[in-house]
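Using UniProt numbering, read the sequence shown as starting at 1 and increasing by one per residue.
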Amino acid sequence: MTIDESYCALVNCWIGYAIESNVKELYLDVYYPRGYYHVPDSVMAAKSITKLTILRCTFESFHSDINLSSLKKLLLDEVYLDDQIFQTLIAGCPVVEDIKFERCFGLKNIHLSGLPKLVAFEVSLNPVLKSMEIEASNLESLLIYLWTPCQINLHPCENLKKLALHSVTVTDKWLHDFLSKHPLIESLNLHNCNMLKTINISSDRMKNLIFSHCKELVEANIIAPNLCRLTQFGNNKLPYVARA
Numbered sequence: 001m002t003i004d005e006s007y008c009a010l011v012n013c014w015i016g017y018a019i020e021s022n023v024k025e026l027y028l029d030v031y032y033p034r035g036y037y038h039v040p041d042s043v044m045a046a047k048s049i050t051k052l053t054i055l056r057c058t059f060e061s062f063h064s065d066i067n068l069s070s071l072k073k074l075l076l077d078e079v080y081l082d083d084q085i086f087q088t089l090i091a092g093c094p095v096v097e098d099i100k101f102e103r104c105f106g107l108k109n110i111h112l113s114g115l116p117k118l119v120a121f122e123v124s125l126n127p128v129l130k131s132m133e134i135e136a137s138n139l140e141s142l143l144i145y146l147w148t149p150c151q152i153n154l155h156p157c158e159n160l161k162k163l164a165l166h167s168v169t170v171t172d173k174w175l176h177d178f179l180s181k182h183p184l185i186e187s188l189n190l191h192n193c194n195m196l197k198t199i200n201i202s203s204d205r206m207k208n209l210i211f212s213h214c215k216e217l218v219e220a221n222i223i224a225p226n227l228c229r230l231t232q233f234g235n236n237k238l239p240y241v242a243r244a
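Below, the structure written as structure tokens:
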């Protein structure tokens, strides 16, 4: 057995012991000097886990079904997985409530659906992401941080309260229509959205607004009687924000 094989076998042993003990929260961050550690099948069939955090690992293939039937919170950071594994993973988490994908290399297309309990979704800094479609009617928080241009299709989320878009290609009309269809939004953060020129917001629910580095933004008209915080910076063409 080589040193690498011995190292992985030892990690697998520790993980196996945790799963056999019906662990509820598993934080897996494996520094593997010769590459990424492959997440074992046993983790993806651990019915006791409610919170799973995985960093610096890879999902290459699974030899058994994914069955994370109790999982409520999933965080993947600096993890390699492709589109097919992503869909298989999501299908195996039927009651998940909170998902965060950060720097997931290999993931090109996200189609999120069939998760009735999902209330929070965040995707950020995924370098090869090309398209994203989100169908999550009970979603309350959506944060999208992009590195490169990406086609986004957001289906109505009637309960959405928090929206953050960083480096997302959105137009004035798209934002106006989206806000009109989601009147419960309380927090809106727009960063580096460089197609925006004029923003019109009229909302009794809005409490927190942030506009930053939207380089083409020249006008913002806001009617929000319950607004608690308004922040704008780095918007070189925006002389002032009209607020009523």
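Heads up, the beta-carbon is just placed ideally off N, CA and C, and yes, glycines get one too.
Can you tell me which of the three DSSP states residue i falls into?
i: Asp-83; result: helix
i: Met-1; result: At Met-1 the pLDDT is 35, less than 50, meaning the model places this residue with poor confidence; the figure from the coordinates comes in the next sentence. Residue state, collapsed to three classes: coil.
i: His-182; result: coil
i: Ala-136; result: coil
i: Lys-162; result: strand
i: Tyr-32; result: coil
i: His-155; result: coil
i: Asp-177; result: helix
i: Cys-8; result: helix
i: Ile-222; result: strand
i: Glu-20; result: helix
i: Thr-88; result: helix
Checking the sheet assignment: what are the DSSP bridge partners for residue i?
i: Arg-229; result: Asn-208
i: Ile-15; result: Answer by DSSP bridge pairing: none, since Ile-15 is not bridged.
i: Asp-98; result: Lys-73 and Ala-120
i: His-111; result: Glu-133
i: Leu-188; result: Leu-163 and Leu-209
i: Lys-51; result: Glu-25 and Lys-73
Quick check: what's the CA-CA separation for residue i versus residue j?
i: Glu-216; j: Lys-197; result: 5 Å
i: Val-218; j: Leu-238; result: 4 Å
i: Met-1; j: Cys-8; result: Residue confidence is low: Met-1 scores 35 on pLDDT, short of 50, so the model does not pin down where it sits. No coordinate-derived value is stated.
i: Ile-201; j: Asn-221; result: 6 Å
i: Arg-34; j: Leu-55; result: 15 Å
i: Thr-80; j: Val-123; result: Checking the displayed sequence, the identity of residue 80 turns out to be Tyr instead of Thr. If I take the Cα positions, the gap works out to 14 Å.
i: Pro-183; j: Leu-165; result: 17 Å
i: Pro-149; j: Asn-236; result: 22 Å
i: Thr-231; j: Cys-214; result: 13 Å
i: Trp-147; j: Glu-140; result: 23 Å
i: Leu-175; j: Asn-192; result: 14 Å
i: Ala-224; j: Ser-69; result: 42 Å
i: Lys-207; j: Val-39; result: 41 Å
i: Ile-3; j: Val-119; result: Residue placement at Ile-3 cannot be trusted, given a pLDDT of 41 that sits under 50; what the coordinates show is reported in the next sentence. Each residue's Cα considered, the two are about 43 Å apart.
i: Asp-177; j: Pro-127; result: 28 Å
i: Ile-152; j: Met-132; result: 5 Å
i: Ser-203; j: Met-195; result: 22 Å
i: Ile-19; j: Phe-121; result: 26 Å
i: Leu-179; j: Phe-86; result: 29 Å
i: Thr-158; j: Cys-13; result: The question names Thr, but residue 158 is Glu in the sequence shown. Cα to Cα, the separation comes out at about 45 Å.
i: Gly-16; j: Ser-187; result: 42 Å
i: Ile-185; j: Cys-228; result: 14 Å
Thinking residue i and residue j are a contact (beta carbons under 8 Å), I'd like their distance in whole angstroms, please.
i: Lys-100; j: Lys-130; result: Rounded, the Cβ-Cβ distance is 20 Å, inconsistent with contact.
i: Asn-144; j: Leu-112; result: For the record, residue 144 in the displayed sequence is Ile; it is not Asn. That belief does not hold up - the Cβ atoms of Ile-144 and Leu-112 are roughly 12 Å apart, past 8 Å.
i: Ala-136; j: Leu-115; result: 6 Å
i: Pro-156; j: Lys-173; result: No, Pro-156 and Lys-173 are not in contact; Cβ-Cβ is about 17 Å, not under 8 Å.
i: Leu-75; j: Thr-53; result: 4 Å
i: Asp-41; j: Ser-64; result: 5 Å
i: Ile-49; j: Leu-28; result: No, Ile-49 and Leu-28 are not in contact; Cβ-Cβ is about 11 Å, not under 8 Å.
Beta-carbon within less than 8 Å of residue i's beta-carbon, same chain only, minus the 5 sequence neighbours each way: which residues are those?
i: Ile-66; result: Met-44, Ala-45, Thr-88, Leu-89, Ala-91, Gly-92 and Cys-93
Grab me the residues of residue i's own chain with a C-beta within less than 6 Å of its C-beta, minus the 5 sequence neighbours each way, in chain order.
i: Lys-117; result: Val-95 and Glu-97
i: Lys-51; result: Glu-25 and Lys-73
i: Leu-154; result: Ile-134
i: Phe-233; result: Ser-212
i: Phe-105; result: Tyr-80
i: Asn-189; result: Ala-164 and Ile-210
Just checking: is the beta-carbon of residue i within a distance shorter than 7 Å of some beta-carbon in chain C?
i: Ser-113; result: In the structure shown, chain C cannot be found, because there is only a single protein chain.
Please go through the same chain and pick out, in chain order, the residues whose beta-carbon is closer than 7 Å to the beta-carbon of residue i, but skip the five residues on each side of it.
i: Val-11; result: Val-30 and Tyr-37
i: Leu-125; result: Glu-102, Arg-103, Tyr-145 and Trp-147
i: Glu-60; result: His-38
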